[in-house]
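*Asks:*
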Amino acid sequence: MLGGAHNFAVDREIALQIDRMMPGLRAGARVNRAFLGRAVRFMADQGVRQFLDIGSGIPTVSNVHEVAQAVDPECRVVYVDRDPIAVAHSELMLADNDRAAIVRADMRDVEGILNSPQARRLLDFDQPVGLLMMLMLHWIPDEWEPAGLVARYRDALPAGSYLAASHVSADHVGSRMHRAAEMIKESGSRDQLTVRTHAGVLALFDGFDLVEPGLVGCGEWRPSGPADVSDEPMMNMLLYAGVGRKP
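Here this note's numbering runs 27 ahead of the position in the sequence shown, where the first position is 1.
Now the structure itself:
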């Protein structure tokens, strides 16, 4: 959706099918990527110098370490993904960067991630951490208790840490989003989309104080210019996005 080359035929086919159903979805993907950059820069401006990116995926443009280290080259980043190909690509990309690393793990293995050699080397859990869960929590079904999963990460982080997350919305393009979820289900993917309302996504930030402007459409979270928003207003609301601070 971002126009990069690091992807696979099966993913491109599903993306094309969903894009035909929801024209402009590529703009929504771009808006989410722009939010990631703004969230990382915001946290860095608050003094955060270490980041944990859960579900980082195959490397693409404007990765967390690129954004953070542009603010301060001393920033440290640990990426997490369970896909072996995404991890292999990331290891190659990060080979010359001693302040960034990737862990191959399922996001539900909280203790394994936090106690991994990469996290022990790069993260100091006595200092604030910027936790990122971009387009991740809608892959966690309700029966897996996503709020409880986020809480396990939250409880391991010190005061002054931040959570930035984006999540598909059921409130603005609900029927089409539910059809997209059905399409993903029919594709046989082991990952299934769970569409949530504003209240459902807000619950995932329990224990964090949302910074202004709160939980809003992705394109509405502190846009800094035209590149941060879509010309199609609905695409700015396709995803909810927010940043919360642990008091």
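Using N, Cα and C, we set each Cβ at its ideal position, and we do this for glycine too. As the structure is a prediction and not an experimental result, all values here were calculated from the model.
#1: Whose C-alpha, out of A113, D108, W248 and L63, is nearest the C-alpha of E93?
#2: Alpha carbon to alpha carbon, how far is A95 from A132?
#3: If you measure between the beta carbons of L184 and F152, is that distance less than 8 Å?
#4: If contacts are defined as beta-carbon pairs under 8 Å, then S193 and L237 qualify, I think. What distance do you get, rounded to the angstrom?
#5: Is DSSP giving L176 helix, strand or coil here?
#6: Helix, strand or coil for D169? Go by DSSP, reduced to three states.
#7: Under a three-way DSSP split, which group does F152 fall into?
#8: Do F232 and G271 have their CB atoms nearer than 8 Å?
#9: So, with DSSP's three-state summary, where would you put E84?
#10: When we look at the beta-carbon of A230 and count the other beta-carbons within 10 Å, is it buried (16 or more) or exposed?
#11: Any idea what DSSP makes of G244, helix, strand or coil?
#12: Quick one: using the 10 Å Cβ neighbour count with 16 as the cut-off for buried, is D83 buried or exposed?
#13: If you run the structure through DSSP and keep just helix, strand and coil, what is S117?
#14: How many Å lie between G227 and V195 at the Cα?
#15: From this set, V137, I112 and A97, which residue's C-alpha is nearest R126's C-alpha?
#16: Just list the residues that DSSP pairs H194 with in beta bridges.
#17: Leaving out five residues before and five after R65 in sequence, what residues of the same chain have Cβ atoms less than 8 Å from its Cβ?
#18: Determine the burial state of P100: buried for a count of at least 16 other Cβ atoms within 10 Å of its Cβ, exposed for fewer.
#19: Could you tell me how far apart the beta carbons of Q154 and Q77 are, in whole angstroms, since I believe they sit closer than 8 Å?
#20: Give me whichever residues DSSP pairs with R157 in a beta bridge.
#21: Count the other CB atoms, across all protein chains shown, that sit within 10 Å of the CB of G139; report buried if there are 16 or more and exposed otherwise.
#22: Can you tell which of A191, A115 and G74 has its C-alpha closest to the C-alpha of I129?
#23: Identify the continuous beta strand (DSSP E) that holds V238 and give its terminal residues.
#24: Should E118 be counted as a contact of the ligand ZN given a C-beta to heavy atom distance under 7 Å?
#25: Suppose the cutoff is 6 Å on Cβ atoms and the five residues either side in sequence are ignored; what does the same chain contact list for M160 look like?
#26: Which residues does DSSP list as the beta-bridge partners of V130?
*Replies:* Quick look at the numbers:
#1: Counting from 1 along the sequence shown, the entry for residue 93 is found at position 66. Looking only at A113, D108, W248 and L63, the smallest Cα-Cα distance to E93 is reached by L63.
#2: Start at 1 with the first residue of the sequence shown, and residue 95 comes out as number 68. Start at 1 with the first residue of the sequence shown, and residue 132 comes out as number 105. For A95 and A132, the distance between alpha carbons rounds to 23 Å.
#3: Walking along the sequence shown from the start, residue 184 turns up at place 157. Walking along the sequence shown from the start, residue 152 turns up at place 125. Contact flag set, yes.
#4: Locating residue 193 in the sequence shown gives position 166, where the first residue counts as 1. Locating residue 237 in the sequence shown gives position 210, where the first residue counts as 1. Here S193 is actually not in contact with L237; their C-beta atoms are around 14 Å apart, not less than 8 Å.
#5: In the sequence shown, counting from the first residue as 1, residue 176 sits at position 149. If DSSP states are grouped into helix, strand and coil, L176 belongs with the helices.
#6: For the purposes of this step, residue 169 is taken as the residue at position 142 of the sequence shown. Helix.
#7: For this step, residue 152 is matched to residue 125 along the sequence shown. In this structure, F152 counts as coil in the three-state DSSP scheme.
#8: Reading the sequence shown from its first residue, position 205 is the one you call residue 232. Reading the sequence shown from its first residue, position 244 is the one you call residue 271. In contact: F232 and G271 (Cβ atoms closer than 8 Å).
#9: Within the sequence shown, residue 84 is the residue found at index 57, counting from 1. Note on residue identity: the sequence assigns Gly, not Glu, to residue 84. Looking at G84 - three-state DSSP - the assignment turns out to be coil, as it is neither helix nor strand.
#10: The residue given as residue 230 occupies position 203 in the sequence shown. Result: exposed.
#11: Here residue 244 refers to the residue found at position 217 when the sequence shown is read from its first residue. DSSP places G244 in the strand class (E or B) of the three-state scheme.
#12: Here residue 83 corresponds to residue number 56 of the sequence shown, with the count starting at 1. Residue identity check: residue 83 is Ser in the sequence provided, not Asp. Buried.
#13: Along the sequence shown, one-based indexing puts residue 117 at 90. S117 sits in a helix when the DSSP states are folded into three classes.
#14: The sequence position of residue 227 within the sequence shown is 200, counting from 1. The sequence position of residue 195 within the sequence shown is 168, counting from 1. Whole-angstrom Cα-Cα distance: 11 Å.
#15: By 1-based counting over the sequence shown, the position of residue 126 is 99. Ranking V137, I112 and A97 by Cα distance to R126 puts A97 first.
#16: Residue 194 sits at position 167 when you count from the first residue of the sequence shown. Y267.
#17: Within the sequence shown, residue 65 is the residue found at index 38, counting from 1. For R65, the CB contacts under 8 Å within the same chain, skipping 5 residues up- and downstream, are W248, R249, P250, S251 and D255 in chain order.
#18: Position 73 of the sequence shown holds residue 100. By the neighbour-count criterion, in which 16 or more other beta carbons inside 10 Å mark a residue as buried, P100 falls on the exposed side.
#19: Along the sequence shown, read from residue 1 onward, the residue named residue 154 stands at position 127. Along the sequence shown, read from residue 1 onward, the residue named residue 77 stands at position 50. Q154 to Q77, Cβ: 7 Å. Contact.
#20: As a first step, residue 157 is located in the sequence shown; it is residue number 130 there, counting from the start. For the record, residue 157 in the displayed sequence is Gly; it is not Arg. DSSP output for G157 lists F78 and Y189 as bridge partner(s).
#21: The sequence position of residue 139 within the sequence shown is 112, counting from 1. Exposed: under 16 other Cβ atoms inside 10 Å.
#22: On the sequence shown, position 102 is the one that residue 129 refers to. Nearest C-alpha to I129: A115.
#23: Reading the sequence shown from its first residue, position 211 is the one you call residue 238. It is not in any beta strand (DSSP E) - V238 carries neither H nor E in the DSSP assignment.
#24: Absence of the ligand ZN is noted for the structure shown, with no ligands found whatsoever.
#25: What you label residue 160 is simply residue 133 of the sequence shown in a count that begins at 1. Cβ within range, chain order: I81 and A192.
#26: For the purposes of this step, residue 130 is identified with residue 103 of the sequence shown, where counting begins at 1. Per DSSP, V107.
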